[in-house]
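Reviewing the structure listed below.
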Amino acid sequence: MEREVQRVRNAFLSGRSRPVSFRLQQLEALRRMVLEREKDILAAIASDLSKSELNAYSHEVITILGEIDLVLEKLPEWVTAEPVKKNLLTMLDEAYVQPEPLGVALIIGTWNYPFVLTIQPLIGAIAAGNAVILKPSELSENTAKILAKLLPQYLDRDLYVVINGGVEETTELLKQRFDHIFYTGSTTVGKIVMAAAAKHLTPVTLELGGKSPCYIDRDCDLDIACRRITWGKYMNCGQTCIAPDYVLCEPSLQNQIVQKIKETVKEFYGENVQESPDYERIINLRHFKRILSLLEGQKIAFGGKTDEATRYIAPTVLTDVDPETKVMQEEIFGPILPIVPVKNADEAIKFINEREKPLAIYVFSHNKKLIKQMIDSTSSGGVTVNDVIMHFMLSSLPFGGVGSSGMGAYHGKHSFDTFSHQRPYLLKSLKRESANKLRYPPNSQSKVDWGKFFLLKRFNKGKLSLLFLAFLGVVAAVLVRKYQAVLRRNVLLIFLAAQTALSGKQW
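If you want my numbering, it's the 1-based position in the sequence shown plus 434.
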């Protein structure tokens, strides 16, 4: 493993990943891979998660194509040096910030959306000019295999390497030194990744999860709210990191919510959900049994049907859920929706703030004042109002967690920034040395006073223009005074020459 990492580092040190033309060429090749091998990719995803090819395309592939197109369009702009404001001491110097690649990045993918959540950070890493070791999740083994097969056929084999394996291989990888580690997965493993990275002082991006709450206010369109919640909760069989984990609402709303979700499930998946091509399965037996254990002692208002042989768990709603029970102690990551009754928005806010910061918060209400209160009084990775999950789809928004739900962010330019070092530059001349006497010993009160003026004084553009004009006026006055005698002599010579010329004409 150490030799493999060193091989990738040597490729990066060769410098060939740095030119923008090379980055664009690699991104074009990645786009070509997705288009040309779409059927293979969709088949692998479908095999891992019992997902229809239409769902696999809409959940994963379309996002990747959109991300690549955005980066291809914007990358020349993103890599351009950005000038910065200067103070009086550096007015004549050149100062700017230039993004540069971090080096060799390790990207550890996850299994619930094994293509998009692995390739999307790869796009950012390539765009920023890095070399990458990609470690797909071993739980989505078919997608991991297809990535290991296809990526070397389209991308530079020395700069972008796929390493498959389980816990042993990942553990060995984490012993190596990287310039950045990007991990998507559970909080428990996130802590292991962060501890390993700390040994090398390697920066990390951790895309984790948590229990994302959904508050439903009585002043909202309950039909639309339940329709959108049903879509977000049961998509991918609940195996979505930003799925609404539980609902907070007033007790009087519980039965209405259950009924409307029940009706929507029928509309989305038909009379027999188990036969619907749009409803996925739990990834493996271990997770299936973990989710089943969360139902113990709960009041099942709707759903609850399971089939171990196919790892099927029906869309399920729980009511009057006790916050101290197991289902409220961990991220569900499955098709179970607990409803926790609260008296009002204030109690909902208190409930949310007593727990770890979630990856997302969802609020459904017509009341703008209440919405603002919910947003201002809580903290989360992201917020979507009157919908769920959709903030993930907007590449101009940074996607990431806060606290135990993660650190760092990506998507669009935010991915480019995550894998870049914003390097500051100040380019000075070896001339005008007299101006530097202010900072050279010996020090004096007058030097301190002048330093305060040059470094602490703030001018708006109007005042700065007047100051510059005044400075030019002073310079002009000094020059006139210094060369006054020379000017007088030149004027006298010009006058005498003119007089001599006139005299000559008279003769």
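Heads up, the beta-carbon is just placed ideally off N, CA and C, and yes, glycines get one too.
Could you name the residues of the same chain whose beta carbon sits closer than 8 Å to that of residue i, not counting the 5 residues immediately before and after it, in chain order?
i      : result
Trp884 : Leu872
Leu476 : Glu487, Ala490, Tyr491, Val495
Glu758 : none
Leu793 : Leu642, Gly643, Gly644, Ser646, Cys675, Ile676, Ser814, Gly815, Gly816, Gly835, Ser839, Gly840
Leu719 : Glu742, Arg745
Gln727 : One detail in the question is off: residue 727 reads as Ser in this sequence, not Gln. So the qualifying residues of the chain are Lys760.
Lys520 : Asp527, Ala529
Ile498 : Val468, Phe549, Val550, Ile553, Gln554, Ile557
Just to confirm my understanding: we take residue i, look at its own chain, exclude 5 residues before and 5 after, and list those with CB closer than 6 Å. What are they?
i      : result
Lys862 : Asp527
Arg857 : Gln532, Glu534
Ser799 : Asp651, Asp653, Cys654, Ile805
Glu709 : none
Asp474 : Ile580
His825 : Gly816, Thr818, Leu831
Leu540 : Ile567, Phe612, Ile615
Thr552 : Gly543, Pro570
Tyr796 : Cys648, Pro678, Thr818, Val822
Leu584 : Met467, Arg471
Arg465 : Ile502
Ala735 : Val692, Val751, Thr753
Between which two residues does the beta strand (DSSP E) carrying residue i extend?
i      : result
Gly816 : 816-819
Ile795 : 794-798
Glu943 : An answer regarding residue 943 cannot be provided, because it is not within the stretch 435 to 941 covered by the chain.
Leu771 : 770-775
Pro647 : 647-650
Tyr594 : 594-596
Looking only at DSSP bridge pairs, what is residue i linked to?
i      : result
Gln569 : Strictly speaking, residue 569 in this sequence is Lys, with Gln absent from that position. Lys569 is bridged to Ile542.
Gln532 : Arg857
Phe833 : Tyr844
Phe736 : Val751
Asp741 : Tyr746
Phe616 : Ile541, Thr639
Glu516 : Val531
Cys683 : Pro775
Skipping 5 residues on each side, what residues in its chain have a beta carbon closer than 7 Å to that of residue i?
i      : result
Glu603 : Ile597
Arg441 : Asp592
Lys939 : Confidence at Lys939 is low in this model, with a pLDDT of 45, below 50, so the placement of that residue is unreliable and no value is reported for it.
Asn801 : Asp651, Asp653
Trp941 : Confidence at Trp941 is low in this model, with a pLDDT of 39, below 50, so its placement is unreliable and no value can be given for it.
Ala445 : Ala565, Asp592, Leu593
Arg662 : Asp821, Val822
Pro510 : Val454
Ala782 : Tyr649, Leu682, Val776
Could you tell me the boundaries of the alpha helix (DSSP H) in which residue i lies?
i      : result
Leu460 : Note that residue 460 corresponds to Gln in the displayed sequence, not to Leu. Looking at the DSSP string, the run of the alpha helix (DSSP H) that includes Gln460 is 454-470.
Cys660 : 656-668
Ala677 : No alpha helix (DSSP H) holds Ala677; DSSP gives it neither H nor E.
Arg437 : 436-447
Glu494 : Per DSSP, Glu494 belongs to no alpha helix (DSSP H) and is neither H nor E.
Thr524 : No alpha helix (DSSP H) holds Thr524; DSSP gives it neither H nor E.
Ser880 : 879-890
Asn576 : 575-588
Pro555 : 550-561
Thr605 : 601-608
Ile809 : 802-810
Ala630 : 621-632
Hey, would you say the C-beta of residue i is under 7 Å away from at least one heavy atom of the ligand PLP?
i      : result
Ala562 : Absence of the ligand PLP from the depicted structure is noted, as is the absence of any ligand whatsoever, leaving it without description.
Discussion item. Under 8 Å: do the region 618-636 and the region 458-468 share three or more Cβ pairs, one atom per stretch?
Written reply: no
Worksheet item: At a cut of 8 Å, does the region 607-614 reach the region 738-748 through at least three beta carbon pairs?
Response: no
Worksheet item: Three or more beta-carbon pairs under 8 Å between the region 566-573 and the region 702-714, yes or no?
Response: no
Practice prompt. Would you check if the region 588-602 and the region 876-890 touch, i.e. whether three or more CB-CB distances between them fall below 8 Å?
Written response: no
Worksheet item: Taking contact to mean at least 3 C-beta pairs separated by less than 8 Å, is the region 447-457 in contact with the region 548-563?
Response: yes
Discussion item. Quick check: the region 682-691 against the region 833-840, are at least 3 beta-carbon pairs closer than 8 Å?
Written reply: no
Item to complete: Ignoring anything shorter than 4 residues or poking outside the region 682-725, list the alpha helix (DSSP H) runs there in chain order.
Response: 688-703
Worksheet item: For the region 838-848 against the region 632-647, are there 3 or more C-beta pairs whose distance is under 8 Å?
Response: yes
Item to complete: Indicate whether the contact test is met: 3 or more Cβ pairs, each with one atom in the region 656-668 and one in the region 623-636, closer than 8 Å.
Response: no
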